[in-house]
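Novice: My numbering numbers the first residue of the sequence shown as 1 and each following residue consecutively.
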Amino acid sequence: MQRLESLDVFRGLTIAGMILVSTPGTWDAVYPQLEHAAWDGSTLADLVFPFLLFAMGAAVPFALARRRDRQSVRRHVVRRAAILFPLGLILNVIETAPPLSLATFRLPGVLQRIALVYLAVSWLTERTSTRTQIAAALGALLGYWAVITLVPVPGCDMPTLSAECNIGSFIDRLVFGRHMLYPAWDPEGLLSTVPAIATALFGVFAGDWLNAPSARHRTLTLFAAGTVAVLVALVWDVVFPINKSLWTSSFALFTAGLAAQALAACHWLLDVRHWRAWSQPFIAFGRNPLAGYFLSVGSDSVLTRWTVSAGPEPASLKAFLYQMLFASWLGRCGGADAASLGYALAYVALWALVLGEMHRRRIYIGI
1 MQRLESLDVF RGLTIAGMIL VSTPGTWDAV YPQLEHAAWD GSTLADLVFP FLLFAMGAAV
61 PFALARRRDR QSVRRHVVRR AAILFPLGLI LNVIETAPPL SLATFRLPGV LQRIALVYLA
121 VSWLTERTST RTQIAAALGA LLGYWAVITL VPVPGCDMPT LSAECNIGSF IDRLVFGRHM
181 LYPAWDPEGL LSTVPAIATA LFGVFAGDWL NAPSARHRTL TLFAAGTVAV LVALVWDVVF
241 PINKSLWTSS FALFTAGLAA QALAACHWLL DVRHWRAWSQ PFIAFGRNPL AGYFLSVGSD
301 SVLTRWTVSA GPEPASLKAF LYQMLFASWL GRCGGADAAS LGYALAYVAL WALVLGEMHR
361 RRIYIGI
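#1: List the whole-angstrom C-beta distance separating L210 from L222, where the pair is believed to meet the contact cut-off of C-beta under 8 Å.
#2: So, L234 versus F254, is the Cβ gap smaller than 9 Å?
#3: According to DSSP, is N288 helix, strand or coil?
#4: Excluding the 5 residues flanking G41 on each side, which residues of the same chain have their C-beta closer than 8 Å to its C-beta?
#5: Would you kindly report the start and end of the unbroken alpha helix (DSSP H) that includes E5?
#6: Using the C-alpha atoms, what's the distance from L191 back to T132?
#7: By the 10 Å Cβ neighbour count, where 16 or more other Cβ atoms means buried, how is F285 classified, buried or exposed?
#8: Mind checking who V308 pairs with in its DSSP beta bridge?
#9: Checking contacts by CB at 9 Å: is A346 closer than that to chain D?
#10: For F369, count neighbouring C-beta atoms within 10 Å of its own C-beta (all shown protein chains included) and say buried if the count is 16 or more, exposed if not.
#11: Curious, which full-length alpha helix (DSSP H) runs of at least 4 residues does the stretch 243-300 contain?
#12: Between the C-alpha atoms of F54 and S309, what's the straight-line distance to the nearest angstrom?
#13: Could you tell me whether the stretch 345-357 touches the stretch 56-64, where touching means 3 or more Cβ pairs closer than 8 Å?
#14: Rounded to whole angstroms, what's the CA-CA distance from A346 to N92? Just pull it up for me.
#15: Which residues in the same chain as V9 place their Cβ atom closer than 8 Å to its Cβ, once the five residues preceding and following it in sequence are excluded?
#16: Buried or exposed for M158, going by 16 or more other Cβ atoms inside 10 Å?
#17: If L107 and F51 are in contact, beta carbons under 8 Å, what's the gap, nearest whole angstrom?
#18: So what's L356 in DSSP terms, helix, strand or just coil?
#19: Is it the case that the Cβ atoms of V194 and Y118 are separated by a distance below 9 Å?
#20: Beta carbon of I15, beta carbon of P187: below 9 Å?
#21: Suppose the cutoff is 8 Å on Cβ atoms and the five residues either side in sequence are ignored; what does the same chain contact list for L64 look like?
#22: In the DSSP assignment, find the unbroken alpha helix (DSSP H) run with M56 in it and report its ends.
#23: Could you pull out every unbroken alpha helix (DSSP H) segment of at least 4 residues lying fully inside the stretch 175-245, listed in chain order?
#24: When you compare the stretch 24-42 with the stretch 333-343, are there three or more beta-carbon pairs, one atom per stretch, that lie closer than 8 Å?
#25: Is it buried or exposed, P24, if we count other Cβ atoms within 10 angstroms and call 16 or more buried?
#26: Based on DSSP bridge pairs, tell me the residues matched to G376.
#27: Does at least one heavy atom of the ligand COA sit under 8 Å from the Cβ of I94?
#28: Can you give me the start and stop residues for the alpha helix (DSSP H) that W145 sits inside?
#29: Nearest-angstrom Cα distance between W236 and Q323?
#30: If you run the structure through DSSP and keep just helix, strand and coil, what is G334?
#31: In chain order, what residues of the same chain lie with their CB nearer than 7 Å to the CB of A229, ignoring the 5 residues before and after it?
#32: Straight-line CA distance for S316 to W39?
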């Protein structure tokens, strides 16, 4: 299979977006679309994680095609998942405010979910037919809908889509106890990983379609399929609300549809029209997604924990830089939200320079 530049750029745009929404100058001043929805509904910030899973799924057929030997494929998949999971735990340690307590240390996380989804999707892609994969994706969405809405939760009168009274949160409390992001639930819980697998499988279908030699009008068809998925999800939202925290089936379908549209647009611009001048920074992000995410989020946590005495009271190095470089002037003329966004954009630009230099030197941190 030929490597698709559009897939690298799509993944790079997603990583840049993930850094942008994860590292504002201050969480006290964030534009609503750059914050996760409080519960039901979706914002731009809610799109970055499912877009990343979609991009990962789209890349799986390419990764497996490069390894002809089945045993080699399976070793590679297991090894990659086995590295991603502990990297996620390390990131949880870095992000935890001291002192670190083993009694409440968070076990789930973004990289942990990616590891589980990658393991499941790679296994399905390597061992089953496309028809079986489609059945698995639809079964995951419909089955999750049934389980969440019908299975009763001990201590609750009836199952609901609240944080406490759904079976997914109940399972997480049983398995993880106090080792979750919130006392009653975790956004990267176990049961909600099932529809996340469907999100990545839709990415597999998109990647296969864009590389099918017999596929005609592939860009338009992919965009149209994404549009249909979005419309179906919006109808489904009436009875099963779009919700990232629960990763509802409507959310999985909605974000997969938007991701398909975005990938189709990248494919048309880059692989069909060859308009590439704008894409170089995002190629750097897309070729080094793990480095971009892990190092940027980890560094942000270090800046937040590093205390400096540069005023009447000690402050974090991040707060000091934000106040001196952005809030001091941009806050006055554009408001606190603009200053906070300015810091985040500058942070993304900084990592664009770092990853751009790594790309120029062909330094790629893969696993």
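Backbone N, C-alpha and C fix where the C-beta goes; we use that ideal spot for every residue, glycine too.
Specialist: Taking the structure as given:
#1: As a first step, residue 210 must be located in the sequence shown, where it is residue number 210. As a first step, residue 222 must be located in the sequence shown, where it is residue number 222. Confirmed, about 7 Å.
#2: For the purposes of this step, residue 234 is taken as residue 234 along the sequence shown, with counting starting at 1. For the purposes of this step, residue 254 is taken as residue 254 along the sequence shown, with counting starting at 1. Closer than 9 Å, so yes.
#3: For the purposes of this step, residue 288 is taken as the residue at position 288 of the sequence shown. DSSP places N288 in coil when its eight states are reduced to three.
#4: What you label residue 41 is simply residue 41 of the sequence shown in a count that begins at 1. Only P241, I242 and N243 meet the Cβ criterion.
#5: In the sequence shown, the residue the question calls residue 5 occupies position 5. Note, E5: alpha helix (DSSP H), E5 to S22.
#6: Taking the sequence shown and counting its residues from 1, one reaches residue 132 at position 132. Taking the sequence shown and counting its residues from 1, one reaches residue 191 at position 191. So the two alpha carbons sit approximately 21 Å from each other.
#7: Position 285 of the sequence shown, counting from 1, holds the residue named residue 285. By the neighbour-count rule (16 or more Cβ atoms within 10 Å), F285 is buried.
#8: On the sequence shown, residue 308 is found 308 positions in, with the first residue counted as 1. Bridge partners of V308: A315.
#9: The structure shown contains no chain D; it is built from a single protein chain.
#10: Here the chain covers residues 1 to 367 and nothing more, so residue 369 does not appear.
#11: Restricted to the stretch 243-300, the alpha helix (DSSP H) segments that are unbroken, complete and at least 4 residues in length are 249-266 and 280-287, listed in chain order.
#12: One-based indexing of the sequence shown puts residue 54 at position 54. One-based indexing of the sequence shown puts residue 309 at position 309. F54 and S309: Cα-Cα distance of roughly 44 Å.
#13: Result no; under three Cβ-Cβ pairs closer than 8 Å.
#14: Stepping through the sequence shown from its first residue, residue 346 is reached at position 346. Stepping through the sequence shown from its first residue, residue 92 is reached at position 92. If I take the Cα positions, the gap works out to 24 Å.
#15: As a position in the sequence shown, residue 9 is number 9, starting the count at 1. If we look at V9 and ignore the five residues flanking it on each side, its Cβ neighbours are C266, L270, S279, F282, I283 and G286.
#16: Against the sequence shown, residue 158 aligns to sequence position 158. Result: exposed.
#17: Position 107 of the sequence shown, counted from the first residue, corresponds to residue 107. Position 51 of the sequence shown, counted from the first residue, corresponds to residue 51. L107 to F51, Cβ: 24 Å. No contact.
#18: Locating residue 356 in the sequence shown gives position 356, counting from the first residue. In the sequence under discussion, the amino acid at residue 356 is Gly, which differs from the Leu named in the question. For G356, the secondary structure class from DSSP, reduced to helix, strand or coil, is helix.
#19: Position 194 of the sequence shown holds residue 194. Position 118 of the sequence shown holds residue 118. Taking 9 Å as the Cβ cut-off, V194 and Y118 do not qualify as a contacting pair.
#20: To locate residue 15, count along the sequence shown from 1; it is residue 15. To locate residue 187, count along the sequence shown from 1; it is residue 187. Not a contact, by the Cβ cut-off of 9 Å.
#21: Indexing the sequence shown from 1 puts residue 64 at position 64. Counting only Cβ-Cβ distances below 8 Å, and skipping sequence neighbours, we find V73, S122, T125 and E126.
#22: What you label residue 56 is simply residue 56 of the sequence shown in a count that begins at 1. Segment V48 to A65, the alpha helix (DSSP H) holding M56.
#23: 193-211 and 218-236
#24: yes
#25: Here the question's residue 24 lines up with position 24 in the sequence shown. Buried is the call here.
#26: It is not possible to answer for residue 376, since the shown part of the chain is limited to 1 through 367.
#27: Only the bare structure without any ligand can be found here, which leaves the ligand COA out of the picture.
#28: Position 145 of the sequence shown, counted from the start, is the residue given in the question as residue 145. First-last of the alpha helix (DSSP H) with W145: T130 to L150.
#29: Here the question's residue 236 lines up with position 236 in the sequence shown. Here the question's residue 323 lines up with position 323 in the sequence shown. Each residue's alpha carbon lies about 44 Å from the other.
#30: What you label residue 334 is simply residue 334 of the sequence shown in a count that begins at 1. Note: G334 maps to helix in three-state DSSP.
#31: Position 229 of the sequence shown, counting from 1, holds the residue named residue 229. Counting only Cβ-Cβ distances below 7 Å, and skipping sequence neighbours, we find L253, A256, G257 and A260.
#32: Stepping through the sequence shown from its first residue, residue 316 is reached at position 316. Stepping through the sequence shown from its first residue, residue 39 is reached at position 39. About 30 Å.
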